[in-house]
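For reference, the structure discussed in these notes is given below.
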Amino acid sequence: MKTIIEPFRIKTVEPIRMSTREERERLMAAASYNLFNLHSDDVIIDLLTDSGTSAMSAAQQSALMGGDESYAGSPSFFRFEAAVKTLFPFKHVLPAHQGRAAEAILFSVLGGKGRSVPSNTHFDTTRANIEATGAEGVDLVIAEGLDPESLHPFKGNMDTQRLDAFLTANGAGVPCVMLTVTNNAGGGQPVSLENIRATAAVAHKHGKPFIIDGCRFAENAYFIKLREPGQAGRKVEDIVRDMFADADGMTMSAKKDAFANIGGWLALNDDALAQAARERLILTEGFPTYGGLAGRDLDAIAQGLKEIVDEDYLAYRLRTSAYIAERLEKLDVPTVKPSGGHAIFVDARRFLSHIPPLSYPGQSLAVALYLEGGIRSCEIGTVMFGQHPDGTETAAPMDLVRMAMPRRVYTQSHADYVVEVFERIAARKSSLRGFKIVWQPQRMRHFSARFAPL
Ligand code: F0G
Numbered sequence: 001m002k003t004i005i006e007p008f009r010i011k012t013v014e015p016i017r018m019s020t021r022e023e024r025e026r027l028m029a030a031a032s033y034n035l036f037n038l039h040s041d042d043v044i045i046d047l048l049t050d051s052g053t054s055a056m057s058a059a060q061q062s063a064l065m066g067g068d069e070s071y072a073g074s075p076s077f078f079r080f081e082a083a084v085k086t087l088f089p090f091k092h093v094l095p096a097h098q099g100r101a102a103e104a105i106l107f108s109v110l111g112g113k114g115r116s117v118p119s120n121t122h123f124d125t126t127r128a129n130i131e132a133t134g135a136e137g138v139d140l141v142i143a144e145g146l147d148p149e150s151l152h153p154f155k156g157n158m159d160t161q162r163l164d165a166f167l168t169a170n171g172a173g174v175p176c177v178m179l180t181v182t183n184n185a186g187g188g189q190p191v192s193l194e195n196i197r198a199t200a201a202v203a204h205k206h207g208k209p210f211i212i213d214g215c216r217f218a219e220n221a222y223f224i225k226l227r228e229p230g231q232a233g234r235k236v237e238d239i240v241r242d243m244f245a246d247a248d249g250m251t252m253s254a255k256k257d258a259f260a261n262i263g264g265w266l267a268l269n270d271d272a273l274a275q276a277a278r279e280r281l282i283l284t285e286g287f288p289t290y291g292g293l294a295g296r297d298l299d300a301i302a303q304g305l306k307e308i309v310d311e312d313y314l315a316y317r318l319r320t321s322a323y324i325a326e327r328l329e330k331l332d333v334p335t336v337k338p339s340g341g342h343a344i345f346v347d348a349r350r351f352l353s354h355i356p357p358l359s360y361p362g363q364s365l366a367v368a369l370y371l372e373g374g375i376r377s378c379e380i381g382t383v384m385f386g387q388h389p390d391g392t393e394t395a396a397p398m399d400l401v402r403m404a405m406p407r408r409v410y411t412q413s414h415a416d417y418v419v420e421v422f423e424r425i426a427a428r429k430s431s432l433r434g435f436k437i438v439w440q441p442q443r444m445r446h447f448s449a450r451f452a453p454l
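My numbering numbers the first residue of the sequence shown as 1 and each following residue consecutively.
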């Protein structure tokens, strides 16, 4: 069939409150033109993140009621642990309340002043957790990964030659090598199985543990099935097992590819490292059989992991982003190509070329999407990355707007609506203006800065 349908029926619905443009203009001004300040019930289509925003299945909702809330030794933990180990056969699995908690625990053990941790591209929370220990995060993605126009099928790949050279020069200070699949910060781009194996081989040649940030592992595996020679006939679950076979551990946010609203884990093979992490876990998250989660959350994750590798779901998932990106391309709205798994990244700097980077074209587009159609997206550009600790400001390498798709939440008519909103904006884009910042905190300004239109 040409039409790839949503492979689910809807049993429970959450009404969307429709709003008028006048209302949204008032709300946007009251929120100082920062989309993080909006109340979510004033948003029609919320594409701020795909994290924790998935719709649970009937089976997950049922699993919630089976959750056992015992402090120690809950059967919910053992169901969770078994589901994790079915896909990722690591020796030790430590639950955590979300991905960044797993990162904080890992780097409390592996981080420290003078150390550095290479990856293809660290996600912000991973980098922040590394840097909070005094260590440094280093991004070594292939050159194509930084070019929005490149059609390379695996733009998330690690540059293994640079990694090898980096480890030769700085090996003594490197506690582990990381790899993020898919590469969220680089546009949701996948990493090939060949590259995962090559990265593991380089890490091991230098005697370093290899840790995967597995947030969107199922999307990555399906991209491998679609794009990597020799992988087409294989089951996604088998590809997932191969992706993690050479790794020594993983960090995970179950808010992504486990269909959960909260949760995560740290998995490790090394006994001593796992013991050190477990001690830290008890200090900050909880006893090792719940790790900051309710038993019911552990059960929701266990069931979610069975559902996420469903290929009909993954075909629909990847098609959604590709469908929106293709239709935007026809409207001459430039996007990062090829489209990633969880999100569409619009190149706002090219789309609004009359707005200079320091007048925040990404913010201008994000505000326009809200005013025109009540869509909430996220600027990933000069607002997010342009501020420096010494108080200066420079343009970020790119000014993007990310529209992240919550899993199983929106239908094709929601996607068509998003495209229609873009059509209207494209027709009068020369009238869009930039913004100035009227107040900002010392760091992470995108969350709370206040803006005024120019
Ligand atoms: N790693 C990656 C690749 C992520 O995308 C995220 C979260 C994390 C780690 C941290 O996980 O939120 O459970 O603590 N990304 C969200 C996003 C916030 O919107 O992209 P967390």
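The C-beta atom is built at its ideal place from N, Cα and C for all residues, glycine as well. Note that this is a predicted model, so its numbers are computed, not measured.
>> Would Ala325 pass as an interface residue toward chain C - the criterion being a Cβ-Cβ separation below 7 Å?
In response: Judged by its chain identifiers, the structure shown contains no chain C, having just a single protein chain.
> Under three-state DSSP, which class holds Leu400?
Replying inline: strand
> Taking the alpha carbon of Met107 as the point to measure from, which residue in Glu393, Thr251, His204 has its own alpha carbon closest?
Replying inline: Here the sequence assigns Phe to residue 107, which means Met is not the residue at that position. Among Glu393, Thr251, His204, the Cα nearest to that of Phe107 is on Thr251.
>> Within a Cβ cutoff of 7 Å, which residues of the same chain sit near Gly112, ignoring the five residues on either side of it in sequence?
In response: Thr133, Gly134, Ala135
>> Which of the three DSSP states is assigned to Asp312 in this structure?
In response: helix
> Is Ser253 near the ligand F0G, going by C-beta to nearest heavy atom under 6 Å?
Replying inline: yes
>> Between Ile4, His39, Met28, Lys11, which has its C-alpha nearest Arg17's C-alpha?
In response: His39
>> Whole angstroms are fine: how far does the CA of Leu87 sit from the CA of Val309?
In response: 10 Å
>> Using C-beta distances below 8 Å, list every residue in its chain close to Phe435, excluding the 5 sequence neighbours before and after it, in chain order.
In response: Tyr33, Ser359, Tyr360, Gln363, Ser364, Val367, Phe451, Ala452, Pro453, Leu454
> If you follow the beta strand (DSSP E) that Ala96 is part of, which residue opens it and which one closes it?
Replying inline: 92-96
> Should Lys429 go down as buried or exposed, given a rule of 16 or more other Cβ atoms within 10 Å for buried?
Replying inline: buried
>> With H, G and I counted as helix, E and B as strand and the rest as coil, what does DSSP make of Lys205?
In response: helix
> Leaving out the 5 sequence neighbours to the left and right, which residues in its chain are closer than 6 Å to Gly466 when beta-carbon positions are compared?
Replying inline: Beyond the ends of the chain as shown, which are 1 and 454, falls residue 466; an answer cannot be given.
> Contact check, Asn120 vs Val191 under 8 Å by CB: the rounded distance?
Replying inline: 7 Å
>> If distances are taken between C-alpha atoms only, which option among Ser448, Leu110, Ser377, Phe223 comes closest to Thr49?
In response: Ser377
>> Less than 6 Å separating the Cβ of Asn184 from some heavy atom of the ligand F0G?
In response: yes
> If you count every other CB in all the chains shown that lies within 10 Å of the CB of Tyr458, and 16 or more means buried, which is it?
Replying inline: As displayed, the chain neither begins before 1 nor continues past 454, which places residue 458 out of reach and without an answer.
>> For Thr12, count the other beta carbons within 10 Å of its own beta carbon; 16 or more makes it buried, fewer makes it exposed. Which is it?
In response: exposed
> According to the Cβ coordinates, are Ala165 and Gly292 closer than 7 Å?
Replying inline: no
>> Let me confirm a value: Trp265 is counted as buried when at least 16 other C-beta atoms fall within 10 Å, else exposed. Which label applies?
In response: buried
>> One question on the structure: do Asn261 and Gly99 come within less than 7 Å of each other, judged by their Cβ atoms?
In response: no
>> Based on DSSP bridge pairs, tell me the residues matched to Lys436.
In response: Ala452
> Is the beta carbon of Phe259 within less than 6 Å of some heavy atom of the ligand ADP?
Replying inline: With respect to small molecules bound, the structure shown includes the ligand F0G and not the ligand ADP.
>> Measuring alpha carbon to alpha carbon, tell me which residue in Leu273, Phe244, Pro288, Tyr417 is nearest Pro89.
In response: Phe244
> In angstroms, rounded to a whole number, what distance separates the CA positions of Glu285 and Ala101?
Replying inline: 8 Å
>> Considering just the uninterrupted stretch of the beta strand (DSSP E) at Val333, what are its terminal residues?
In response: No beta strand (DSSP E) contains Val333, which DSSP labels as neither H nor E.
>> Pull the bridge partners of Gln387 from the DSSP assignment, please.
In response: Glu393
> Going by DSSP, which residues form a beta bridge with Met158?
Replying inline: Val141
> Among residues of its own chain, excluding the 5 on either side of Arg21, which ones have a beta-carbon nearer than 8 Å to its beta-carbon?
Replying inline: Leu371, Glu372
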